[in-house]
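See below for the structure under consideration.
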Amino acid sequence: MSSKALQINEAMQALFETPALTGIGAGGVVDDPDYAYEVSDLPMVAVYMGDEPDPSRSLINAHDHTITMTVRITAKKGGTSGKSALGSCDALMVQTHNRLMADLTLGGLAMDVRQQGTRRSRDVLEVPVAYTEIDYAVDYRTTTTSLES
Amino acid sequence: MNFAAIESRLNAACLAQLANCTATLDGGEVVSGIFEEPSAEAFGFVEGGKPTISCELGDVPGIKRGDALTITRNAIGTAYLVAGAPKPDETGWVVIPLELS
Chain A
3 MSSKALQINE AMQALFETPA LTGIGAGGVV DDPDYAYEVS DLPMVAVYMG
53 DEPDPSRSLI NAHDHTITMT VRITAKKGGT SGKSALGSCD ALMVQTHNRL
103 MADLTLGGLA MDVRQQGTRR SRDVLEVPVA YTEIDYAVDY RTTTTSLES
Chain B
2 MNFAAIESRL NAACLAQLAN CTATLDGGEV VSGIFEEPSA EAFGFVEGGK
52 PTISCELGDV PGIKRGDALT ITRNAIGTAY LVAGAPKPDE TGWVVIPLEL
102 S
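Protein chains in written order, with my numbering: chain A, 3 to 151; chain B, 2 to 102.
Given below as C-alpha cells:
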C-alpha cells in the first residue's frame, strides 16, 4: 500500500538502476538524499519527492496531481577522467535524463514528465565534490478518494 | 640568542616529537611534518576530510597551490596536491591544505 507519488519515485529509481548507469559509483541509486555518504561512494544518484500544489479536478471523480521529483547527481573531481567535480556530474545527468524522456508515462503511472529547473553546488573535502540536481514535474491522476490509484 | 632562533629551535623540537609523516616534494626533497585530516561534510550529506600538513616554512620554500607531494605515513605513501594557498604564521610554521591527487 503506497501512494502513487511513492510509486512514481520507486519507478524512477528502478529506471536508473536497471540496466546500471555507466560510471555509477558504489553509492548507486538511492531515494534518500540526506543519508551520510562518503567520498568513496561517489558518483551517485538520488531520486526524491518534492512538493505538490493542490490537485485539480478536471475530470469527475479524479484528481490531477503534479509532483516535483528531483534527480540529484553527486560526484567528485576526476569522477569522469579529466573533469572537474561539476563536469563529472554531467555524464550521469545526461543518462538519467535520457532514460526519463524515453518513457514519459513511467510505465503507465504518469501522464507526463516535464523538465524544470537545474541547481548546482560545489564544495571541497579531500577532493572537490559537487552536485547537480534537476527538477521534473510529473503529472499523474488518482481518484478523488485515494492517493494510491 | 635572538627570538627567531628560539622559535626555530622550538619548531624543530615540536617536529622531532610530534611529526607523524614525511612529505616528498616535487623536487625530491623529503621533509617531516604533522599530517591532520579532521572530518568535514559537504552539502550536509557527503562525509569526508580536510587534510593538511604542517611543517617548518623554511623546509618548503616556494610551495604553492597545485604543487604535487607524497605524504608517507606508516610506510604508506599517498599522492596529494596543494589545494590552496599555504598559510604561514609569524613563527616560521606553515599549514598547507591538501587534496587527493
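Quick reminder that beta carbons are idealized off the backbone N, C-alpha and C, glycines included. Remember, it's a predicted structure, so these values are computed and weren't measured experimentally.
Residues near residue i in its chain [Cβ-Cβ closer than 6 Å; skip 5 each side]
| i | result |
| --- | --- |
| C56/B | V32 and G34 |
| G119/A | D137 |
Listed by chain order, chain A residues near residue i by CB distance under 9 Å
| i | result |
| --- | --- |
| K51/B | V126, L127 and E128 |
| A24/B | Neighbours of A24/B on chain A: none; closest Cβ ~16 Å, over 9 Å. |
DSSP three-state assignment for residue i, whether helix, strand or coil
| i | result |
| --- | --- |
| V47/B | strand |
| E128/A | coil |
| G1/B | Look at the range of chain B in this structure, 2 to 102, and you will see that residue 1/B is not part of it. |
| G81/A | coil |
| I77/B | strand |
| M14/A | helix |
| E91/B | coil |
| T134/A | strand |
| R1/A | Past the edges of chain A, shown from 3 to 151, lies residue 1/A, and the structure says nothing about it. |
| M2/B | coil |
| L101/B | strand |
CA-to-CA distance, residue j to residue i, given in whole angstroms
| i | j | result |
| --- | --- | --- |
| M46/A | L58/B | 40 Å |
| G49/B | E42/B | 6 Å |
| L149/A | L82/B | 53 Å |
| L152/A | R121/A | With chain A covering only 3 through 151, there is no way to say anything about residue 152/A. |
| E38/B | T79/B | 13 Å |
| D34/A | S60/A | 33 Å |
Same chain, Cβ closer than 8 Å to residue i, five either side skipped, listed in chain order
| i | result |
| --- | --- |
| D27/B | D68, A69 and L70 |
| L8/A | M51 |
| N12/B | E57, T92, G93 and W94 |
Chain B contact residues for residue i, given Cβ-Cβ distances below 9 Å
| i | result |
| --- | --- |
| V41/A | A43, V47, E48, G49, G50 and L101 |
| P35/A | F46 |
| T123/A | Note that residue 123/A corresponds to Ser in the displayed sequence, not to Thr. Within chain B, the residues near S123/A are A43 and F44. |
Contacts that residue i makes with chain B (C-beta to C-beta distance below 7 Å)
| i | result |
| --- | --- |
| P55/A | What P55/A touches in chain B: nothing, since even the nearest Cβ is about 26 Å away. |
| V131/A | A43 and V47 |
| A38/A | F46 and E48 |
| T76/A | V47 |
Own chain residues within Cβ distance below 7 Å of residue i, not counting five before or after
| i | result |
| --- | --- |
| D56/A | none |
| P89/B | L58 and V95 |
DSSP beta-bridge partners of residue i
| i | result |
| --- | --- |
| S33/B | T23/B |
| Q117/A | Y138/A |
| V47/A | V31/A and I75/A |
| Y37/A | Paired residue(s): none; Y37/A is not in a bridge. |
| D66/A | S58/A and R143/A |
Chain A contact residues for residue i, given Cβ-Cβ distances below 8 Å
| i | result |
| --- | --- |
| A84/B | V126 |
Proximal residues of chain B, C-beta to C-beta of residue i below 8 Å
| i | result |
| --- | --- |
| T134/A | Correct list: empty, because the minimum Cβ distance to chain B is about 12 Å. |
beta-carbon residue i near the ligand FAD non-hydrogen atom, thresh 6 Å
| i | result |
| --- | --- |
| C56/B | The ligand FAD is not part of the structure shown, which contains no ligands of any sort. |
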